[in-house]
Every structure is written in structure tokens, then in C-alpha cells.
Amino acid sequence: MKKNNYNYNNQTGMYRHKIFLRQRTITTDDLLQEIETFEDYGHFWAMVKTSKNGELIENGQEQVKVQKRYVLKYSKKLDDFINVEKTSFELVHKGVIFDVREAINDNDMNETITVYAEGRI
1 MKKNNYNYNN QTGMYRHKIF LRQRTITTDD LLQEIETFED YGHFWAMVKT
51 SKNGELIENG QEQVKVQKRY VLKYSKKLDD FINVEKTSFE LVHKGVIFDV
101 REAINDNDMN ETITVYAEGR I
């Protein structure tokens, strides 16, 4: 009988990354200026499927660009949130804030939701 050895590096199909979604709210102050704030909407478990990093050097400044694709388990609450917010929410993973570029329901069977995000560093 083959031993069931735990291999940390071979977890491609597991939802093991805890991410937070933050909802944007716009309020106005006394001077009628719009103030954008973010409130926690909830935490979800996700898979990180792809990661693309790049460096940009412009005008003597160095910037790092991080793009990731998150696959989340489907939930009605999450699907309704994405249909209302489109891409006006942000995602937090390991203390890094990601701007959402696209969020879609993958198929008609409602199994997974894919979120494409770009990190702010």
C-alpha cells in the first residue's frame, strides 16, 4: 500500500488562500467633497491559479506590477455582490491590496467564480 505523504508544493486544486473582499462606499463631507472608503465585505477561500510579475522602469522610478487570478467557490452571496459592484471593490491577500480588473461567474453550473486582480505595491 502506498503511503499518503503530504506534499506542500503540490496543492494546485485546493482552496487554501484566505482572501478578503472590501466594498467601496462613497460619502460626502461638509464641503461636499466625495470621500471613498472601503469596508470589509467578507472573507473567502480561493485558489491562486496564475501569477504574473513585471518591473516597470520609467523616469528613474522602479515599479513592480503583480497580476493574479483567483478562483473562488461559488456562493449566491458572492455572485450577487459581484453583479452589483462589478469591479469597484478590492481584494486583500497576505496584506497586499489588489484592484479588481474583472470578476466573472465561470459557467452556468455555478461552481466557481474567477477574479482577475492587479496588486498595488
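When we follow full-length UniProt numbering, the leftmost residue of the sequence shown carries the number 1, and every step to the right adds one. Backbone N, C-alpha and C fix where the C-beta goes; we use that ideal spot for every residue, glycine too.
- Bridge partners of I113 according to DSSP: L72, N105.
- Straight-line spacing of the CA atoms in F89 and K18 works out to 17 Å.
- Distances from the CA of E34 to each of I26, D40, Y41 were compared; the closest alpha carbon is that of I26.
- Under the three-state reduction of DSSP, D30 is assigned to coil, being neither helix nor strand.
- With respect to A46, L72 sits close: the two C-beta atoms are nearer than 8 Å.
- Distances from the alpha-carbon of I97 to those of V84, N105, G119, D108 put G119 closest.
- Taken through DSSP and simplified to helix, strand or coil, F89 comes out as coil.
- Between V115 and the set R24, D108, G95, L78, the nearest pair of CA atoms involves L78.
- In the three-state scheme derived from DSSP, where H, G and I count as helix and E and B as strand, K94 is classed as coil.
- A Cβ-Cβ separation of about 22 Å leaves Q67 out of contact with Y41 under the 8 Å criterion.
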